[in-house]
Structure formats: structure tokens, C-alpha cells
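Asker: Would you mind keeping the following structure in view while I ask a few things?
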DNA sequence: ATACCGACCTGAAGCTACGTTAGGTTAAAC
DNA sequence: GTTTAACCTAACGTAGCTTCAGGTCGGTAT
């Protein structure tokens, strides 16, 4: 698979994919004899996972650690599991934060509605 | 109220509060004769709202626009309402994103569990 | 008095995170 | 034979604070 295809599939931009590779977030991309990157579906899936983690706020340093574990083989599965569980927890924390803010907004909105009603 | 108290109440740091004032996010803070900021409870509440908006991803530019409307008096209530509604929508979008990622993580976690089970 | 402390003030510089853009090359495709 | 799509390094940009240098108060301890 070409980089452009992976970009399309993952939603990451081409520069971002290269940047991720250089940052060690996916240091296993093969190259053709022409020097161009050749992505397997595994690579593409990995990048899609990264995109998903990134989009939900995982810092690149953490993704880097996760990638290092990934590169070290199956023996690191428990650690990887722990990392994903931790991120899952952070998602829930974040959702709680969003819920709280939504409540606050709804109160504010209600106030605005009252003001607008009074003015009629 | 002193800046340190507002910092404690809102969770914003003192430099951040000053930074917000300079950025026009709350351009109505009074000063004592000694030049120090004196916050009313309204000010403090406003900053708490900003903190909440910020924590849920509203860019400062948008908060700035919202602050400008706020400063322009009650006639801008409908616009403010619209702004908060828009942000509320963005929260929901974000929650959907988090939910999706949670699903993906759960699938991944299940795979890891399977691998770990096999290894016993 | 005097010396010191802690909390406030200012403006400017600095920093981290995360990409994006620029400038220049090579190689295949039409 | 010229577009097209990759490649590289390196500089640039943006958001959003934080830190620094330097200064003013008011109160307390010596």
C-alpha cells in the first residue's frame, strides 16, 4: 500500500505519517527498492489505531512507549493491555468532564432562555 | 476577592488568570488603589465558566468572542446562546468520538486477553 | 528605624506539543 | 518530456500557558 492510500484510510495526512515514522511511532515500515514506503495492512491498521488514540488525546510520547512495546513482541502484551486500559480510563474521565460541562451549559442556556422570554 | 482566591476557586493558575485578562477574556476586572485586581463573585463565576469551556476544548479565540458579546450587554444574549449551543454540540461530537475509541479499545483489549489466555 | 518576607504587579521571553511548509531530488507514468 | 507522486531535511507556525527579571506594597521581627 502506498502512503497516499494509508493517509486516506487513516485520516492522517501524509506529512503526519512520515512524522510519526520518524518519531518512532511506527518504526517498522518497509521500503521498496525505490526507497518508497510499502505499508502492509497491519501497518495501516496500526496507524489507524494511533490515529484513534491521538484523536482522543493520547500524547505522542505515550504512543511512542506503546509502539516500543509493540515492537518488542508478544511478551509485552500484558504491558500493552495495561496501557490501553489506562487510556480507556482516561477516556471515561474525560467523558465525565464533558458531561459536567454539558450540565453547566444547559443551566446557562436555560438562563438565557428565561431572559429572552422576559423580553418578549 | 484576591487573585489567589480566584485561582483556588476556578482551578486556573494565577498566571493564567492574568493571561486571560490580557487576552481580553475578562476585560472588566476592577483594580484597588494599590493596582491589585479585585474580583467580584461575578468575575469569579465568569472565570469558572471560562475554565470549564477551556477544559472541554473551546479555543481561546472563541472564548474571546464570547467575552466580547458578554461585555456588550444583554442585547447579545441570543448570540451567546447560539455560541453555547454550538459548543454543546461540539461536546456531543466529542463524546461520540470517545465512545468510538472506547469500542476500538475494548476490541483490542479483548484480543489481548485472548492472547494471554492462550499462553497459560 | 531597618531589614526582610510574601503576595501582588508588569512586560517579555521561553517552552512543549504537534504538526505543516518550504525547498530541492528522484523516479515512474502517461 | 513533462506531470505526478514519492522522498529528504530543516525551518516555521500555532496554541496556550509558564517563567523570568525587576519592581511595589504592607506587615512583622529585630
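Residue numbers (the numbering used here), protein chains in the order written: chain A, 63 to 182; chain B, 63 to 182. Positions of the beta carbon are idealized from the N, C-alpha and C atoms, including for glycine.
#1: Okay, do the region 90 to 97 of chain A and the region 130 to 143 of chain B touch, 3+ Cβ pairs below 8 Å being the bar?
#2: Candidates B:92, B:91, B:63 and B:87: which alpha carbon is nearest residue 206 (chain B)'s?
#3: Taking Cβ positions only, does residue 117 (chain A) come closer than 8 Å to chain B?
#4: Flag this pair as yes or no: are the beta carbons of residue 114 (chain A) and residue 166 (chain B) separated by less than 8 Å?
#5: Check whether the Cβ atoms of residue 164 (chain A) and residue 160 (chain B) lie closer than 8 Å to each other.
#6: Hey, quick one: how far does the alpha helix (DSSP H) through residue 75 (chain A) stretch, first residue to last?
#7: Do you know offhand how far residue 89 (chain B)'s Cα is from residue 131 (chain B)'s?
#8: Would residue 142 (chain A) pass as an interface residue toward chain B - the criterion being a Cβ-Cβ separation below 8 Å?
#9: Residues in its own chain within less than 7 Å of residue 79 (chain B) by CB, not counting five upstream and five downstream?
#10: What residues in the region 95 to 129 of chain A have a beta carbon less than 8 Å from any beta carbon of chain B?
#11: Specify, as a first and last residue, the run of the alpha helix (DSSP H) that residue 140 (chain B) falls within.
#12: What is the C-beta distance between residue 16 (chain A) and residue 171 (chain B), in whole angstroms, given that I count them as a contact (C-beta under 8 Å)?
#13: Below 6 Å CB to CB, which residues in the same chain sit around residue 73 (chain B) once its five sequence neighbours on both sides are set aside?
#14: Between the alpha carbons of residue 118 (chain A) and residue 162 (chain B), how many angstroms are there, rounded?
#15: Skipping 5 residues on each side, what residues in its chain have a beta carbon closer than 7 Å to that of residue 138 (chain B)?
#16: Is it the case that the Cβ atoms of residue 71 (chain A) and residue 106 (chain A) are separated by a distance below 8 Å?
#17: Answer with yes or no whether the minimum CB distance from residue 153 (chain A) to chain B is below 8 Å.
#18: Starting from the Cα of residue 124 (chain A), find the closest Cα among A:63, A:82 and A:77 and give me that residue.
#19: Roughly how many angstroms lie between the CA atoms of residue 133 (chain A) and residue 104 (chain A), to the nearest whole one?
#20: I want to check one thing, is the minimum distance from the CB of residue 176 (chain B) to the heavy atoms of the ligand NAP below 7 Å?
Answerer: Judging by the given coordinates:
#1: no
#2: Given that chain B is displayed from residue 63 to residue 182, the structure contains no residue 206 (chain B) and the question cannot be resolved.
#3: The residue labelled residue 117 (chain A) in the question sits at position 55 within the first chain. Chain B contact via Cβ: present.
#4: Along the first chain, read from residue 1 onward, the residue named residue 114 (chain A) stands at position 52. Along the second chain, read from residue 1 onward, the residue named residue 166 (chain B) stands at position 104. Yes, the Cβ-Cβ distance between residue 114 (chain A) and residue 166 (chain B) is below 8 Å.
#5: Here residue 164 (chain A) refers to the residue found at position 102 of the first chain. Here residue 160 (chain B) refers to the residue found at position 98 of the second chain. It is not a contact, given that the beta carbons lie outside the stated cut-off.
#6: Counting from 1 along the first chain, the entry for residue 75 (chain A) is found at position 13. No alpha helix (DSSP H) contains residue 75 (chain A), which DSSP labels as neither H nor E.
#7: Stepping through the second chain from its first residue, residue 89 (chain B) is reached at position 27. Stepping through the second chain from its first residue, residue 131 (chain B) is reached at position 69. Whole-angstrom Cα-Cα distance: 12 Å.
#8: To locate residue 142 (chain A), count along the first chain from 1; it is residue 80. Answer yes: the Cβ-Cβ gap between residue 142 (chain A) and chain B drops below 8 Å somewhere.
#9: Counted from its first residue, the second chain places residue 79 (chain B) at position 17. Around residue 79 (chain B): 65, 68, 69 and 109.
#10: 111, 114, 115, 117 and 118
#11: Residue numbering aside, residue 140 (chain B) sits at position 78 when the second chain is read from its first letter. Run containing residue 140 (chain B): 139 to 180, per the alpha helix (DSSP H) assignment.
#12: Residue 16 (chain A) falls outside the range modelled here, since chain A spans only 63 to 182, and no answer is possible.
#13: Counting from 1 along the second chain, the entry for residue 73 (chain B) is found at position 11. Excluding sequence neighbours, residue 73 (chain B) sits near 113.
#14: Translated into the one-based positions of the first chain, residue 118 (chain A) becomes position 56. Translated into the one-based positions of the second chain, residue 162 (chain B) becomes position 100. The straight-line gap from Cα to Cα measures roughly 10 Å.
#15: The residue you call residue 138 (chain B) lines up with position 76 of the second chain. Cβ neighbours of residue 138 (chain B) beyond the five flanking positions: 131.
#16: As a working note, residue 71 (chain A) is residue 9 in the first chain. As a working note, residue 106 (chain A) is residue 44 in the first chain. Cβ atoms of residue 71 (chain A) and residue 106 (chain A): closer than 8 Å.
#17: Within the first chain, numbered from 1, the residue matching residue 153 (chain A) stands at position 91. For residue 153 (chain A), the answer is yes, since a Cβ of chain B falls inside 8 Å of its Cβ.
#18: By one-based count along the first chain, residue 124 (chain A) stands at place 62. If we check each option's Cα against that of residue 124 (chain A), A:82 comes out closest.
#19: Within the first chain, residue 133 (chain A) is the residue found at index 71, counting from 1. Within the first chain, residue 104 (chain A) is the residue found at index 42, counting from 1. Using only the alpha carbons, I get a separation of about 13 Å.
#20: You won't find the ligand NAP in this model; it holds no ligand whatsoever.
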